[in-house]
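For any residue, its number in the working numbering is found by taking its place in the sequence shown, counting from 1, and adding 25. Have a look at the structure below, then the notes.
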Amino acid sequence: MAEIIKQRLRRYNGTDYDTIYLETSSTSVVRSNGHTVETDLADVISKAGTNETNIGALQTNVGNIQDDLDDYLPEGQVTDDEPAASKEGKLIIGPNSVWIHGQDLMNSAQGCSRSVMLTLTSSAWEGNEAPYTQRYYISGLVAGQDGILGDVAGLTDAEYEEIANADLALTSQDATSITITARGDKPTMDIHKQLILFTTATDEGVLIGSCPQAFEVTLEASEWDATEKTQTITLQGIVADELKQKVEPVPAKISSDAYFAANVRAIEQGTDEITFKCDTIPENDLTVYVLITAIIRTDGPVPVGTSIGVHQYATQKNVTTTTTWTDLGDGWYRQQITVPGALVNTQIDLIDDEDVTDQMEADGCTKLFVKNVDGTLYLMAKNSPLTVAVMLTVNLKEVY
26 MAEIIKQRLR
36 RYNGTDYDTI
46 YLETSSTSVV
56 RSNGHTVETD
66 LADVISKAGT
76 NETNIGALQT
86 NVGNIQDDLD
96 DYLPEGQVTD
106 DEPAASKEGK
116 LIIGPNSVWI
126 HGQDLMNSAQ
136 GCSRSVMLTL
146 TSSAWEGNEA
156 PYTQRYYISG
166 LVAGQDGILG
176 DVAGLTDAEY
186 EEIANADLAL
196 TSQDATSITI
206 TARGDKPTMD
216 IHKQLILFTT
226 ATDEGVLIGS
236 CPQAFEVTLE
246 ASEWDATEKT
256 QTITLQGIVA
266 DELKQKVEPV
276 PAKISSDAYF
286 AANVRAIEQG
296 TDEITFKCDT
306 IPENDLTVYV
316 LITAIIRTDG
326 PVPVGTSIGV
336 HQYATQKNVT
346 TTTTWTDLGD
356 GWYRQQITVP
366 GALVNTQIDL
376 IDDEDVTDQM
386 EADGCTKLFV
396 KNVDGTLYLM
406 AKNSPLTVAV
416 MLTVNLKEVY
């Protein structure tokens with residue numbers, strides 16, 4: 026008959042310990058000698074009987090059940106410090122950490138990965154003979170990020186045969202796309218593949234491919250700029266490029282009433298910092314959680330037939346012009362402008378606006394557009410510059 030082993034555990038809940046009771050059949054506990062506790066009990070009793078001497082032998086043979094359980098059960102700790110080397114093989118749970126084999130799974134760059142489903146269209150392959158290549162745009166990709174290309178479940182026999190004949194491999198990548206090479210036959214049907222991207226730390230210190238990260242900050246009542254009603258918080262991991270990250274502040278419950286009453290909001294993000302603005306300065310400190318997530322963009326094959334492709338997404342921004350223009354001659358005028366998130370390879374398109382069109386007609390301006398010169402943006406005007414400042418609405422598109 027199996028013995029019931031009772032074990033009392035204590036688990037740290039952040040402020041105190043919860044008591045947990047565990048009951049386990051002795052037949053399910055395997056000791057280091059490969060035997061179960063039940064087996065060792067039966068063996069000792071059958072050989073030695075049941076007197077007090079034999080009880081001592083039983084204790085010597087079976088060992089301390091408490092020690093055996095401690096060898097494999099998870100353990101809680103009150104800090105997030107790295108556990109001692111003697112505990113490296115155990116699962117150690119701290120308030121904000123989960124340790125195993127010396128790695129904190131919640132805070133390690135190797136702690137998680139993401140899967141990207143690819144559809145390699147038959148019309149997107151480049152080349153007239155093997156090897157054939159296809160570039161595929163991946164949102165949030167960074168140059169040098171490790172990944173594995175694999176098959177997806179549920180493919181048909183025809184798809185498996187097509188993949189085998191194509192001899193596909195992941196051959197290169199840059200900051201925006203990967204290149205898949207078919208070293209065999211050019212596929213004649215669309216092929217579905219799965220790309221597993223490992224989490225990688227960028228130069229800015231941000232984990233690309235990781236789960237969204239939340240940080241707690243405090244907006245101190247005494248730190249607000251009395252004139253501008255702004256406050257800038259230092260927060261490691263934020264990048265200035267709005268196209269790479271979405272930074273979303275959320276007040277803690279205890280601060281939510283005062284936060285919304287003062288109309289607190291984030292107005293700007295920079296490298297390792299975020300700036301807040303309010304309508305009325307709060308009387309007390311506010312606790313705010315800042316959630317950092319990757320920007321969701323459209324993944325897909327890069328158009329073929331030319332080395333230039335346009336991604337199928339756009340970001341809308343507003344830009345206020347000035348009345349300062351440079352006369353370039355031949356009826357052309359320009360002024361330098363700044364559009365948040367614009368890069369060297371960003372295309373800026375003006376969106377039609379009635380007020381801007383009316384002002385162009387009043388000033389005799391026949392053409393207005395934005396020119397990107399190696400990342401420096403110029404607003405160009407033909408025949409006449411605008412004599413007043415206007416608000417332009419623009420769309421940003423990445424091209425390469």
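Quick reminder that beta carbons are idealized off the backbone N, C-alpha and C, glycines included. If you're wondering where the values come from, they're calculated on a predicted model, not measured in any experiment.
query, result
"Chain-order list of residues whose beta-carbon lies under 6 Å from that of Gln294 (same chain, five-residue window excluded)", "Ile263 and Val272"
"Limits of the unbroken alpha helix (DSSP H) element including Thr412", "Note, Thr412: premise wrong, no alpha helix (DSSP H); not H, not E."
"Nearest-angstrom Cα separation, counted from Asp399 out to Asp380", "30 Å"
"Cβ-heavy atom distance, Thr146 to the ligand NAD, below 8 Å", "In terms of ligand content, the structure shown is empty, and the ligand NAD therefore cannot be addressed."
"Residues of its chain near Asp378, where Cβ-Cβ distance is below 7 Å and the 5 sequence neighbours each way are ignored", "Thr418"
"Integer Cβ distance of Asp310 from Thr243, believed to fall under 8 Å", "6 Å"
"Per DSSP, the bridge partner or partners of Ser197", "Thr204"
"Backbone CA spacing between Leu421 and Ile373 [nearest angstrom]", "5 Å"
"Alpha carbon of Phe301 to alpha carbon of Glu308, nearest angstrom", "15 Å"
"Cβ neighbour criterion (16 or more within 10 Å) applied to Leu270", "What sits at residue 270 in the sequence shown is Gln, not Leu. It counts as buried."
"Unbroken beta strand (DSSP E) run spanning Ala291, endpoints", "Arg290 to Gly295"
"Exposure label - Leu393; buried when at least 16 CB within 10 Å", "buried"
"Short Cβ contact (9 Å threshold) for Ile203 with Arg160", "yes"
"Cross-strand partners of Gln102 (DSSP beta bridge)", "According to DSSP, which records beta bridges pairwise, Gln102 is partnered with nothing at all."
"Proximity test, Cβ basis, 9 Å: Thr363 and chain C", "Reference to chain C is not applicable here, since this structure consists of a single protein chain."
"Coil, strand or helix - Ile221 by DSSP", "strand"
"Close Cβ partners of Ala239 (< 8 Å) along its chain, the five nearest in sequence each way excluded", "Tyr314, Val315, Leu316 and Ile317"
"Reduced DSSP category for Ile216 - H, G, I as helix; E, B as strand; rest coil", "strand"
"Assigned secondary structure, Asp310 (DSSP; H/G/I helix, E/B strand, else coil)", "coil"
"Per-residue burial, Lys218 [other beta carbons within 10 Å of its own, 16 or more giving buried]", "buried"
"Nearest residue (CA-CA) to Val289, options Pro276, Asp297 and Thr296", "Pro276"
"Nearest candidate by alpha-carbon position, reference Thr412, set Arg359, Ile292 and Asn397", "Arg359"
"Per-residue DSSP class, three states only, for Lys278", "helix"
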